[in-house]
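K.L.:
2 protein chains.
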Amino acid sequence: MTADLTALAATLPDGALLTDPDVTAGYRQDWAADPNAGTPLAVVRATCTEDVQAVMRWATAHRVPVVPRGAGSGLSGGSSAVDGGIVLTTEKMRAITVDPVTRVAVVQPGLLNAAVKRAVAEHGLWYPPDPSSFEICSIGGNAATNAGGLCCVKYGVTTDYVLGLQVVLADGTAVRLGGPRLKDVAGLSLTKLFVGSEGTLGVITEITLRLIPAQSPASTLVASFESVQDAADAVLAITRTMRPAMLEFMDQASINAVEDSVRMGLNRNARALLLAQSDAPGAAAAAEIATMVAACESHGATEVFATDDPEEGEAFTAARRAVFPAVQALGTLLLEDVGVPMDALPRLITGVEEIAGDCDVLICVVAHAGDGNTHPLIVFDPTDPGEVDRAHLAFGRVMDLAVALGGTITGEHGVGRLKRDWLPNQLGEDVMELTRRIKTALDPDGILNPGAILK
Amino acid sequence: MTADLTALAATLPDGALLTDPDVTAGYRQDWAADPNAGTPLAVVRATCTEDVQAVMRWATAHRVPVVPRGAGSGLSGGSSAVDGGIVLTTEKMRAITVDPVTRVAVVQPGLLNAAVKRAVAEHGLWYPPDPSSFEICSIGGNAATNAGGLCCVKYGVTTDYVLGLQVVLADGTAVRLGGPRLKDVAGLSLTKLFVGSEGTLGVITEITLRLIPAQSPASTLVASFESVQDAADAVLAITRTMRPAMLEFMDQASINAVEDSVRMGLNRNARALLLAQSDAPGAAAAAEIATMVAACESHGATEVFATDDPEEGEAFTAARRAVFPAVQALGTLLLEDVGVPMDALPRLITGVEEIAGDCDVLICVVAHAGDGNTHPLIVFDPTDPGEVDRAHLAFGRVMDLAVALGGTITGEHGVGRLKRDWLPNQLGEDVMELTRRIKTALDPDGILNPGAILK
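Going down the list, the protein sequences come from chains H and G.
Under full-length UniProt numbering, residues 1 to 455 are what the first sequence spells out, in order.
Under full-length UniProt numbering, residues 1 to 455 are what the second sequence spells out, in order.
Laid out in structure tokens, this is it:
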């Protein structure tokens, strides 16, 4: 250990600073498995805000890059290690307090999303955002990426539930932004600026979450289609008139990957499947389900199944959440996360089919269809150099297609390092310049997650 | 007109630049009637984004302050004119296009909130945020202040509906942020940063709004109480268990001011009144109303009236909205807008009563009680210097009380110029410094609404 690192270790609890290469190797990559991830100088497992401050003060003094990391489940390489930098993980910071009268939870960033949901459920409350990875992703990572999920189509994304943050800035200053107030416009919307900033502006060390009363039991609909266009048209017919609590799309390859792994009895011959829920109270749920059944049938659904049994519905939802791991069994993945304005959803989905054909590569598509956010999963054999090239070509072409349709290169995963090169194409040079001005104002030495979002 | 102004006029449509003192005097103040408002050099009535760009380019070249202005209904002096500056009003920019498939509206900033609601209602859609002033305030001002309203307790505030913005920066560059995508995390959350920035970072020239299906007809409850504490306790009993579509509080002075002006038949002897709505679908509304009736009765309500007639309910809502103008008939007002975490609501409301007594001044209290956002209206006789002083003392003490209770000096009106001196007390010096860094990065010459939010 260098003298400098020894000085840092002295400011931290015993065992918080790790330099054993066998240990630090486990912190080089997140789930995106960025092949260009660097080798960190050290990993710090912070136990409290003061630890994070100590790291940032030291990093500023020594001009050392710091990559903040939650549970490492990111899908865009937002926490790929940087050569010679510190990986600062909040995985040990897992405290939570729930106030059922004020209806907020104050949470440390390392707590898993599922643990937040469980803790607040004990008070009859609900924290809605539900990334598919909710059992393994941290709430800090959710805030850093402004994570989405399945129920967001009705209940909104992470930023809609973040009332306040404690953030450690580049120089080690800890600031409190917002707080447990449902409405607060005092000063600039700094809380909202830090949500989704992917660790490039500061390190989140505490989050104040807005909670709502527990969700009503959901009724569920599963509809099969002979074409992806029909399914996408049915989605628009539904979202024009109502707000489902979930509206998910799976293509044939995804259906079969899931059936191969969990055997739900999904229709393997369907070209597309929609999975929708209503959590409207009382008899209103049946009315909403009936509206969605009618929309599916009038757009060519070949099979429609509905149930008001919450457990049966949850089994279908679990099947949908199982798509990522199920498709991973087929090969190495490039995970897309493109979104479009709702009216362009059919063109995006059929366009991805064309790209798969053109590039001669398998692309499984699952989508949070109700908000236009799709996940084309590009599957390739990493030992076949030609296929690797074609997969990367498809990866870029899908993003280009989304932008051409007025969409976004990332709906909920973040830009990280894997999508950084496509960001200027979406935002344009003036917005990139605006972004750099804010980055420079808050991180003048460029030590906070360098290479994420911006080059 | 100076040579410089003549040069500016030449870049604008005929009649857009106004210098007649009789005309420009009407643009010195907003509804806050800031006594320290300055005298502008000129007023520009922009007709399009390019006009705004022309003004900002000219202002940057000549280091002239620009105060952006919507409908002038602001309550914190956010658009008080600055001596020697330009007042840049967007009141002429009123175009709107509604896309019912994508379910967004693209709106120019000068369109009134009520006109936005009407235009989208033609497509069976709803833009929820509803400031009490919705018939006279502009959507641009709503975005600039992150305005709230009555239905926000269930449906959220302006920022929750702003998907995208076009903004003209200090140097005249026009940028597009976000867009008609329900989920988009590409880059920093710049859209959210500009919402609520009160014209200090840029001038909003176009807004892309998220719309939702039309609201179900609402059922309404009116409950009278013998003490404000009882009413506040009933509010907590309601918000712990459910999400009303509206939950408003009026104290006795407000009730009587309204009765004096609109004669609704409200109980003049009640010390406090709650007005609540449920818009749950079908039979669920009756269940929600029953829950609220029970909460009111178990907290000492002396009279409870419920109706499922939407028109009757709207009459009560209109009475609540009439409080500001009704109380204005009693004297000159200092309008408070303090909010607290829900558990502190009873202490805030009773504390305001004590301040009124201590300062020997009338304070009428109305509140968006369901989200802890209160409007103590301090009434004074401007010709009585002693009372003027006591009113201003009370104004500051109410904000101090809110901050001491963990609250905010402004829940929905904005800081503007009238609350600027109290902002550091809430945010602390480190957050003020962070705010200044962002302001300087985006407006290095300090020409955008100088004096608002920051000194």
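Cβ atoms here follow ideal geometry from the backbone N, Cα and C, with glycine treated the same way.
Take the Cβ of residue 346 of chain H as the centre, count every other Cβ of all protein chains shown within 10 Å, and call the residue buried at 16 or more, exposed below.
P.N.:
Residue 346 of chain H is buried by the Cβ-count criterion.
K.L.:
Just to confirm, are residue 107 of chain G and residue 212 of chain G a CB contact at a threshold of 8 Å?
P.N.:
For residue 107 of chain G and residue 212 of chain G, no; Cβs fall outside 8 Å.
K.L.:
Indicate the three-state DSSP secondary structure (helix, strand or coil) for residue 453 of chain H in the structure shown.
P.N.:
Residue 453 of chain H: coil per DSSP, three-state reduction.
K.L.:
To the nearest angstrom, how far is the alpha carbon of residue 54 of chain H from that of residue 437 of chain G?
P.N.:
Near 23 Å, if we compare the C-alpha coordinates of residue 437 of chain G and residue 54 of chain H.
K.L.:
Interface residues of chain H around residue 152 of chain G at Cβ under 7 Å?
P.N.:
Near residue 152 of chain G (Cβ distances below 7 Å), the residues of chain H are 183.
K.L.:
Alpha carbon to alpha carbon, what distance is there between residue 70 of chain G and residue 121 of chain G?
P.N.:
Rounded to the nearest angstrom, the two C-alpha atoms are 23 Å apart.
K.L.:
Which chain H residues sit within Cβ distance under 8 Å of residue 440 of chain G?
P.N.:
Under the 8 Å cutoff, chain H gives 441.
K.L.:
Rounding to the nearest angstrom, what Cα-Cα distance links residue 508 of chain G and residue 74 of chain G in this structure?
P.N.:
Because chain G here runs from 1 to 455, residue 508 of chain G falls outside it and cannot be looked at.
K.L.:
Return the Cβ separation of residue 455 of chain G and residue 201 of chain G in integer angstroms, given the expectation that the two are a contact with Cβ distance under 8 Å.
P.N.:
With a Cβ gap of about 16 Å, residue 455 of chain G and residue 201 of chain G do not count as contacting.
K.L.:
Can you give the Cα-Cα distance for residue 63 of chain H and residue 56 of chain H, rounded to whole angstroms?
P.N.:
When rounded, the distance between both Cα atoms is 10 Å.
K.L.:
Work out the CA separation of residue 183 of chain H and residue 328 of chain G for me, nearest whole Å.
P.N.:
Roughly 25 Å between the two C-alpha positions.
K.L.:
What does residue 412 of chain G touch in chain H if you count any residue whose Cβ is under 8 Å from its own?
P.N.:
Per Cβ cutoff of 8 Å: 183 and 185.
K.L.:
To which residues does DSSP link residue 368 of chain G through a beta bridge?
P.N.:
DSSP lists G/373 as partners of residue 368 of chain G.
K.L.:
Please report how far the alpha carbon of residue 33 of chain G lies from the alpha carbon of residue 66 of chain G, in whole angstroms.
P.N.:
Each residue's alpha carbon lies about 19 Å from the other.
K.L.:
Look up residue 456 of chain H in the DSSP assignment and say whether it is helix, strand or coil.
P.N.:
With chain H running from 1 to 455 in the structure shown, residue 456 of chain H is simply not present.
K.L.:
Use the C-beta contact count for residue 23 of chain G: other C-beta atoms within 10 angstroms, 16 or more gives buried, fewer gives exposed.
P.N.:
Label assigned to residue 23 of chain G: exposed.
K.L.:
Looking at chain G, which residues of the segment 118–138 of chain H have a Cβ within less than 9 Å of any of its Cβ atoms?
P.N.:
Listed by position along the chain: 124.
K.L.:
Is residue 407 of chain G close to chain H, meaning its C-beta is less than 8 Å from at least one C-beta of that chain?
P.N.:
Interface residue, yes.
K.L.:
Using only CA atoms, which one of H/154, H/45 and H/181 lies nearest to residue 280 of chain H?
P.N.:
When only C-alpha atoms are compared, the closest one is H/154.
K.L.:
DSSP state of residue 489 of chain G, grouped into three classes?
P.N.:
The requested residue 489 of chain G does not occur in the structure, where chain G is confined to residues 1 to 455.
K.L.:
Based on the DSSP secondary-structure assignment, which residues constitute the bridge partners of residue 99 of chain G?
P.N.:
G/104, per the DSSP bridge assignment.
K.L.:
Please name the residue in H/226, H/144 and H/18 whose C-alpha comes closest to that of residue 194 of chain H.
P.N.:
Considering only alpha carbons, the answer is H/144.
K.L.:
What are the complete beta strand (DSSP E) segments, minimum 3 residues, inside the segment 197–271 of chain G?
P.N.:
Whole beta strand (DSSP E) segments, 3+ residues: 203–210, 219–225 and 246–251.
K.L.:
Note down, in chain order, all residues in the segment 92–104 of chain G with a beta-carbon under 8 Å from any beta-carbon belonging to chain H.
P.N.:
Answer set for the segment 92–104 of chain G: 99, 100, 101, 102, 103 and 104.
K.L.:
Taking only runs that begin and end inside the segment 339–422 of chain H, name each unbroken beta strand (DSSP E) of 3 or more residues, in chain order.
P.N.:
The segment 339–422 of chain H contains these whole beta strand (DSSP E) runs: 362–368 and 373–380.
K.L.:
Is it the case that the Cβ atoms of residue 186 of chain G and residue 49 of chain H are separated by a distance below 8 Å?
P.N.:
Not a contact, by the Cβ cut-off of 8 Å.
K.L.:
Of all the options H/302, H/26, H/277 and H/291, which has the alpha carbon lying nearest to the alpha carbon of residue 227 of chain H?
P.N.:
When each option's Cα is compared against that of residue 227 of chain H, the closest is H/302.
K.L.:
Which of helix, strand or coil does DSSP assign to residue 176 of chain H?
P.N.:
Here residue 176 of chain H sits in strand by DSSP.
K.L.:
Applying a beta-carbon distance threshold of less than 7 Å, which residues of chain H neighbour residue 426 of chain G?
P.N.:
The contacting residues are 186.
K.L.:
Assign residue 51 of chain G to buried or exposed, taking buried as 16 or more other Cβ atoms, counted over all protein chains shown, within 10 Å of its Cβ.
P.N.:
Per the 10 Å Cβ criterion, buried.
K.L.:
Within 10 angstroms of its Cβ, does residue 373 of chain H collect 16 or more other Cβ (buried), or is it exposed?
P.N.:
Buried, because 16 or more other Cβ atoms sit within 10 Å of the Cβ of residue 373 of chain H.
K.L.:
Between residue 40 of chain G and residue 85 of chain G, which are expected to be in contact by the criterion C-beta below 8 Å, what is the C-beta distance as a whole number of angstroms?
P.N.:
With a Cβ gap of about 6 Å, residue 40 of chain G and residue 85 of chain G count as contacting.
K.L.:
Could you tell me if residue 36 of chain G is buried or exposed, where buried requires 16 or more neighbouring beta carbons within 10 angstroms of its beta carbon?
P.N.:
Under this definition residue 36 of chain G is an exposed residue.
K.L.:
With 8 Å as the threshold, decide whether the Cβ of residue 148 of chain G is near any Cβ in chain H.
P.N.:
Chain H contact via Cβ: present.
K.L.:
Do we get a CB-CB distance below 8 Å when we pair residue 350 of chain G with the residues of chain H?
P.N.:
It does not; no Cβ of chain H falls within 8 Å.
K.L.:
Since residue 278 of chain H sits in a beta bridge, which residues does DSSP pair it with?
P.N.:
Looking at the DSSP assignment, residue 278 of chain H forms a beta bridge with H/219.
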